[in-house]
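Position 284 of the sequence shown, counting from 1, maps to 284 under UniProt numbering, and the rest follow consecutively.
Ideal Cβ positions, reconstructed from N, Cα and C, are used throughout, including at glycine.
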Amino acid sequence: MSNFARLLKESWTLVEEERERLSGHFYARLFLLDPDLRKLFPVQMNGQGDRILEAIVTATQTVDDPEAFDEYLRALGRDHRKYHVEASHYETMGVALLDALRSTAGDGWNLEYDQAWRDAYASICERMLAGAEADENPPFWHAEVLTHERHGPDTAVLTVRALQFPLRWQAGQYVSVEAPRHHARVWRTYSVANAPNDDNVLEFHVRTPAGAAGWVSGALVRRTKPGDLLRIAAPMGSMTLDRESTRDILCVAGGVGLAPIKALVEELTTVNRTRWVHVFYGARRPDELYGLAGLEELVAAHPWLSVTPACSDDPDFDGELGDVSDVVTRYGPWTTHDCYVSGSAGMVRATLRALAADDVPPDNIRYDTFGNL
Ligand SMILES: NC(=O)C1=CN([C@@H]2O[C@H](COP(=O)(O)OP(=O)(O)OC[C@H]3O[C@@H](n4cnc5c(N)ncnc54)[C@H](O)[C@@H]3O)[C@@H](O)[C@H]2O)C=CC1
């Protein structure tokens with residue numbers, strides 16, 4: 001690890017247990033420096049508004065590998081245009097960030113740490129701004145809800161049409177979505193659940209268990225209807241199909257983690273002739289396997305595709321029982337496959353462990369996480 005990276009990581013240990021205080025200080029300082037910035041953030045800041053600070057901190061902790069994170073930071077810059085963030089705001093955020101770090105860390109802070117964070121922040125901003133400036137897309141697309149289907153009390157499948165400009169994504173990527181009528185300026189990421197098409201139509205799978213805090217998901221599942229307008233920001237993520245590879249494919253989906261897997265399978269139906277594709281699709285109970293009928297239709301039409309459903313919480317299910325990560329290991333080894341994994345952080349973690357135990361080379365595994373692994 002370089003000295004620079006060491007300084008960043010070491011100084012971060014002084015504040016990481018105090019995330020709430022750091023965040024409180026950051027936003028208080030930010031809005032004092034420029035009161036106009038307040039209107040870019042959601043009304044309720046608690047937990048929901050903290051995305052910018054989170055993104056900056058994550059980027060800083062990975063800055064020791066600038067080449068690898070160049071594209072990530074450019075994409076982050078493109079994405080942040082949806083918050084109406086302008087070049088001058090970056091400078092103000094830098095001042096607030098350094099102030100917040102100093103006062104949260106207290107006596108342990110020193111000049112070396114200060115310089116390392118300044119340098120890291122400057123290089124992050126440079127890349128984010130370059131990404132934002134080079135982007136020909138609008139900061140976000142308005143999108144009209146076309147269809148909305150409920151599957152039980154907690155899950156919805158909806159389709160939307162992005163308006164005015166073409167929206168280009170790759171199967172396996174995700175976008176941020178805002179439901180401005182319900183929660184203005186709160187954005188949440190969802191995978192696009194269908195392959196790219198010329199109609200600008202995107203499908204999303206959303207689940208919000210009763211009592212969960214998910215504001216955007218709650219609005220999308222329970223309050224959204226055809227004709228409503230949403231906003232969608234530029235596609236991100238690298239869980240895309242490796243078209244050069246000739247390896248067979250393993251897909252592991254947990255719950256609404258099916259979304260990007262379904263998009264990948266749809267894309268394969270247009271290009272694949274030679275690769276066997278096996279999908280493991282897990283839910284807690286059989287009635288939560290909302291996407292199984294659709295997958296089975298694809299299986300009937302494509303001889304290279306097979307699907308194994310699994311349930312973890314219903315011993316009477318007429319199929320595989322247990323966590324989908326355990327079911328996958330029963331069918332292994334998967335050493336010669338390209339593997340795509342999507343679901344909750346716990347499910348992804350368990351599946352990655354199972355694949356590692358099978359000696360699957362890490363380069364053959366793709367996944368995206370929306371939570372901390
Ligand atoms: N909506 C979207 O576009 C996407 C959502 N996701 C994430 O997928 C997750 C899906 O959640 P739910 O639908 O509520 O599914 P869920 O949590 O009910 O789980 C469904 C399956 O995952 C397995 N599983 C869950 N936790 C596990 C653990 N700790 N270890 C091993 N296996 C585990 C279960 O056994 C079951 O087979 C959410 O965390 C969501 O953030 C991921 C990608 C896309």
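Cα separation between residue i and residue j?
i           : j           : result
residue 238 : residue 317 : 34 Å
residue 103 : residue 138 : 38 Å
residue 95  : residue 17  : 22 Å
residue 164 : residue 271 : 29 Å
residue 3   : residue 12  : 14 Å
residue 179 : residue 236 : 19 Å
residue 372 : residue 32  : Unreliable placement is indicated for residue 372, whose pLDDT of 49 sits below 50; the coordinate value is still reported in the next sentence. So the two alpha carbons sit approximately 31 Å from each other.
residue 112 : residue 125 : 20 Å
residue 314 : residue 320 : 10 Å
residue 305 : residue 150 : 27 Å
residue 367 : residue 243 : 16 Å
residue 34  : residue 40  : 11 Å
residue 88  : residue 37  : 11 Å
residue 198 : residue 263 : 15 Å
residue 218 : residue 208 : 6 Å
residue 310 : residue 227 : 35 Å
residue 108 : residue 10  : 10 Å
residue 349 : residue 362 : 13 Å
residue 122 : residue 312 : 47 Å
residue 225 : residue 183 : 15 Å
residue 14  : residue 303 : 56 Å
residue 293 : residue 76  : 36 Å
residue 24  : residue 332 : 48 Å
Tell me residue i's beta-bridge partners as DSSP assigns them.
i           : result
residue 161 : 144, 201
residue 187 : 178
residue 280 : 252, 308
residue 122 : In DSSP, residue 122 forms no bridge with anything.
residue 342 : 253
residue 347 : In DSSP, residue 347 forms no bridge with anything.
residue 230 : 143
residue 207 : 155
residue 321 : 311
residue 367 : 341
residue 236 : 174
residue 149 : 157
For my contact list, residue i and residue j are in at a C-beta cut-off of 8 Å; report their separation, rounded to the angstrom.
i           : j           : result
residue 120 : residue 60  : 5 Å
residue 30  : residue 93  : 6 Å
residue 80  : residue 132 : 7 Å
residue 279 : residue 261 : 6 Å
residue 200 : residue 166 : 6 Å
Please confirm whether residue i and residue j have their CB atoms less than 9 Å apart.
i           : j           : result
residue 189 : residue 174 : yes
residue 171 : residue 196 : yes
residue 220 : residue 206 : yes
residue 117 : residue 101 : yes
residue 27  : residue 53  : yes
residue 364 : residue 285 : no
residue 203 : residue 259 : yes
residue 193 : residue 157 : yes
residue 250 : residue 334 : yes
residue 127 : residue 74  : yes
residue 255 : residue 344 : yes
residue 98  : residue 114 : yes
residue 177 : residue 231 : yes
residue 328 : residue 355 : yes
Check whether the Cβ of residue i lies closer than 9 Å to any Cβ atom in chain C.
i          : result
residue 70 : Annotation note: the requested chain C is absent from the structure, which comprises a single protein chain.
Could you check which residue in the options has the C-alpha nearest to that of residue i?
i           : options            : result
residue 323 : 281, 274, 276      : 281
residue 72  : 83, 202, 58, 307   : 58
residue 145 : 125, 114, 113, 181 : 181
residue 358 : 344, 7, 343, 330   : 330
residue 295 : 313, 284, 315, 268 : 268
residue 135 : 78, 176, 97        : 78
residue 288 : 153, 297, 143      : 153
residue 82  : 34, 142, 43        : 142
residue 253 : 342, 169, 336      : 342
residue 339 : 349, 326, 360      : 360
residue 147 : 337, 223, 345, 266 : 223
residue 301 : 110, 265, 308      : 265
residue 43  : 297, 255, 185, 245 : 185
residue 353 : 326, 337, 309, 344 : 326
residue 346 : 336, 274, 257      : 257
residue 245 : 273, 227, 225, 231 : 273
residue 90  : 69, 55, 107, 108   : 55
residue 386 : 210, 25, 187       : The chain is shown from 1 up to 373; residue 386 falls before or after that span and cannot be answered.
residue 275 : 211, 290, 337      : 337
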